[in-house]
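**Q** Mapping to the numbering used here: the sequence shown position 44 is 44, numbers consecutive.
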Amino acid sequence: MNVLDINAFVLALSDPAGYAAAYPNCSVLVCDTNLDGAVDVLDINPFVSRILGG
C-alpha cells in the first residue's frame, strides 16, 4: 500500500460500484484496512497509518 492507492481507496469508500467497475479483478474488501468486514469511514485512519509506514 502506498500513495498511489489513495484514489482507489477513496473511490471504494465513496462509490463501491464504481470501484468494482474500475478494478474488476480486485475485491473492494482490500480497502477494509481495519479488517471489520466493511469498507467505511472507520478504514480511513488505518489506511493513513499504513501509507505513513505505521
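Ideal Cβ placement from N, Cα and C applies to all residues, glycine included.
In this structure, does DSSP put Ala38 in helix, strand or coil?
**A** Locating residue 38 in the sequence shown gives position 38, counting from the first residue. DSSP places Ala38 in coil when its eight states are reduced to three.
**Q** Go ahead and pull the three-state DSSP assignment for Pro16.
**A** Within the sequence shown, residue 16 is the residue found at index 16, counting from 1. Helix at Pro16.
**Q** Hey, Val28 and Pro16: beta-carbon distance below 8 Å or not?
**A** Reading the sequence shown from its first residue, position 28 is the one you call residue 28. Reading the sequence shown from its first residue, position 16 is the one you call residue 16. A contact, by the Cβ cut-off of 8 Å.
**Q** Out of Val41, Ala8 and Arg50, which has the shortest C-alpha to C-alpha gap to Pro24?
**A** If you number the sequence shown from 1, residue 24 lands on position 24. Closest by alpha carbon: Ala8.
**Q** May I ask which residues mark the beginning and end of the alpha helix (DSSP H) holding Pro24?
**A** Translated into the one-based positions of the sequence shown, residue 24 becomes position 24. First-last for Pro24: undefined, no H or E at that position.
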